[in-house]
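Trainee: Dropping a structure here in structure tokens format, bear with me for questions.
Numbering (the numbering used here), first residue to last: 98 to 415.
And the structure:
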């Protein structure tokens, strides 16, 4: 019998496959999408790490730490062999005047269709990653993704040049005024969209306190439902656990509201494979030690009793 988390997610996959309408997109890949969908995940049922395909907890957890630290450079992620933001940084590099290597135009799509090009691309990507890890000046210039999530969460810049630490402020507000309806963090900063390698997809979230329990609702303007959304579900559930722990509350419900919920056309076969699978029991999550959420490392997290079907590969649209 499938657990509630997997079932909720599978229901969304099925809805898009059946009801979704074709839409073009900026990547040129094409999607089937619906607009406006909400999922609810109760932390009393476990931790929502999907089991009908393996979800790489290390990747989402190190990315969340990266956000929480206010970091916007992929070097930290690469130190954990986390490659989920590489393509956007690499794009900045190969489109720069300093890049003198092979033509990398439309590298994402070309690598899927041309094995010879894929080998050249992988060689260039490996060299790029090595240089980000080893060359401080290069990393500072080409490992940085602009004013993406971490910058907005921890150092939102106002029109007067002052900075707001939204995440620390919301934690203090939850502690001191739990009934407030203003427990909000936004990554969508219209004045700085042009400075970001990718405008925020998970754009806005709000906390809610009731009866000693903390809930979190996310508004995600755009959701790559096969590749990205499973990470987003677990990432914000983990954030909910962290903030609840920081404020002495019990984590309750993660509410995930999606705007444009889409499946890329080149993910259809992968989706069908996943929909054929039955799930396992949902895992649990443990956070070790007494340190603040702002000081935690990946090694402080433990996923308990996670059993899943194998990972399903699918190309990322850049």
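Glycine included, C-beta positions come from ideal geometry on N, C-alpha and C.
Being a predicted model, the structure only gives us computed values, none of them experimental.
For a test of the three-state rule: what should DSSP assign to residue 410, helix, strand or coil?
Mentor: Stepping through the chain shown from its first residue, residue 410 is reached at position 313. Note: residue 410 maps to coil in three-state DSSP.
Trainee: Can you name the residues that DSSP bridges to residue 382?
Mentor: Sequence index remark: in the chain shown, residue 382 carries index 285 (1-based). Paired residues: 400.
Trainee: Hey, quick one: how far does the alpha helix (DSSP H) through residue 159 stretch, first residue to last?
Mentor: For the purposes of this step, residue 159 is taken as residue 62 along the chain shown, with counting starting at 1. Its alpha helix (DSSP H) spans residues 154-165.
Trainee: Considering residue 136, what are the terminal residues of the beta strand (DSSP E) in which it resides?
Mentor: Within the chain shown, residue 136 is the residue found at index 39, counting from 1. Note, residue 136: beta strand (DSSP E), 128-139.
Trainee: How far does the alpha helix (DSSP H) with residue 348 in it reach, from first residue to last?
Mentor: Along the chain shown, one-based indexing puts residue 348 at 251. Run containing residue 348: none in the alpha helix (DSSP H); it sits in the beta strand (DSSP E), 347-361.
Trainee: Taking only three categories from DSSP, how would you classify residue 279?
Mentor: In the chain shown, the residue the question calls residue 279 occupies position 182. Here residue 279 sits in coil by DSSP.
Trainee: Touching or not, the region 336-352 and the region 131-145, by the rule of three or more beta carbon pairs under 8 Å?
Mentor: Yes, they touch.
Trainee: Does DSSP put residue 253 in a helix, a strand or coil?
Mentor: Position 156 of the chain shown, counting from 1, holds the residue named residue 253. It is a strand residue.
Trainee: Count the CB pairs spanning the region 153-170 and the region 327-343 that are closer than 8 Å, and state whether there are at least three.
Mentor: Judged by Cβ distances under 8 Å, the region 153-170 makes contact with the region 327-343, as three or more pairs qualify.
Trainee: Among 111, 275, 101, which has the Cα closest to the Cα of residue 371?
Mentor: Counting from one through the chain shown, the residue named residue 371 turns up at place 274. Cα-wise, what sits closest to residue 371 is 111.
Trainee: Between 162, 308, 197, 102, which lies nearest to residue 152 when the distance is taken from Cα to Cα?
Mentor: Residue mapping note: residue 152 aligns to position 55 of the chain shown, counting from 1. For residue 152, the nearest C-alpha among the options comes from 102.
Trainee: Opposite residue 118 in the DSSP bridges: which residues?
Mentor: As a working mapping, residue 118 is identified with position 21 in the chain shown. Its beta-bridge partners are 130.
Trainee: From 291, 317, 398, 314, pick the residue whose C-alpha is nearest to that of residue 342; which is it?
Mentor: The sequence position of residue 342 within the chain shown is 245, counting from 1. Among 291, 317, 398, 314, the Cα nearest to that of residue 342 belongs to 398.
Trainee: Can you tell me the Cα-Cα spacing of residue 225 and residue 187, whole angstroms?
Mentor: Residue mapping note: residue 225 aligns to position 128 of the chain shown, counting from 1. Residue mapping note: residue 187 aligns to position 90 of the chain shown, counting from 1. About 7 Å.
Trainee: Identify whether residue 222 lies in helix, strand or coil by the three-state DSSP scheme.
Mentor: Counted from its first residue, the chain shown places residue 222 at position 125. Three-state result, residue 222: helix.
Trainee: When the Cα of residue 358 is compared with those of 322, 365, 223, 217, which residue comes out closest?
Mentor: One-based indexing of the chain shown puts residue 358 at position 261. Closest option to residue 358, Cα to Cα, is 322.
Trainee: Residue 307 to residue 315, Cα distance in whole Å?
Mentor: The sequence position of residue 307 within the chain shown is 210, counting from 1. The sequence position of residue 315 within the chain shown is 218, counting from 1. Cα to Cα, residue 307 sits roughly 17 Å from residue 315.
Trainee: Return the chain-ordered list of same chain residues with a C-beta closer than 8 Å to the C-beta of residue 276, the five sequence neighbours on each side being excluded.
Mentor: Counted from its first residue, the chain shown places residue 276 at position 179. Excluding sequence neighbours, residue 276 sits near 306.
Trainee: With a threshold of 8 Å, are at least 3 pairs of Cβ atoms found where one atom belongs to the region 235-249 and the other to the region 180-195?
Mentor: Because the criterion of three Cβ pairs below 8 Å is met, the region 235-249 and the region 180-195 touch.
Trainee: Can you give me the start and stop residues for the alpha helix (DSSP H) that residue 341 sits inside?
Mentor: Taking the first residue of the chain shown as 1, we reach residue 341 at position 244. Element bounds for residue 341: 326-344.
Trainee: If you draw a straight line from the C-alpha of residue 106 to the C-alpha of residue 364, how long is it?
Mentor: Translated into the one-based positions of the chain shown, residue 106 becomes position 9. Translated into the one-based positions of the chain shown, residue 364 becomes position 267. Cα to Cα, the separation comes out at about 16 Å.
Trainee: Pull up the DSSP beta-bridge partners for residue 311, would you.
Mentor: Within the chain shown, numbered from 1, the residue matching residue 311 stands at position 214. The partner list for residue 311 (beta bridge, DSSP) reads 306, 348.
Trainee: Within 10 angstroms of the Cβ of residue 320, are there 16 or more other Cβ atoms? Answer buried if so, exposed if not.
Mentor: Taking the first residue of the chain shown as position 1, residue 320 is located at position 223. Buried: at least 16 other Cβ atoms inside 10 Å.
Trainee: Could you tell me whether the Cβ atoms of residue 304 and residue 326 are closer together than 8 Å?
Mentor: Counting from one through the chain shown, the residue named residue 304 turns up at place 207. Counting from one through the chain shown, the residue named residue 326 turns up at place 229. No. Outside cutoff.
Trainee: For the putative contact between residue 81 and residue 245, defined by C-beta atoms under 8 Å, what is the C-beta separation to the nearest angstrom?
Mentor: Past the edges of the chain, shown from 98 to 415, lies residue 81, and the structure says nothing about it.
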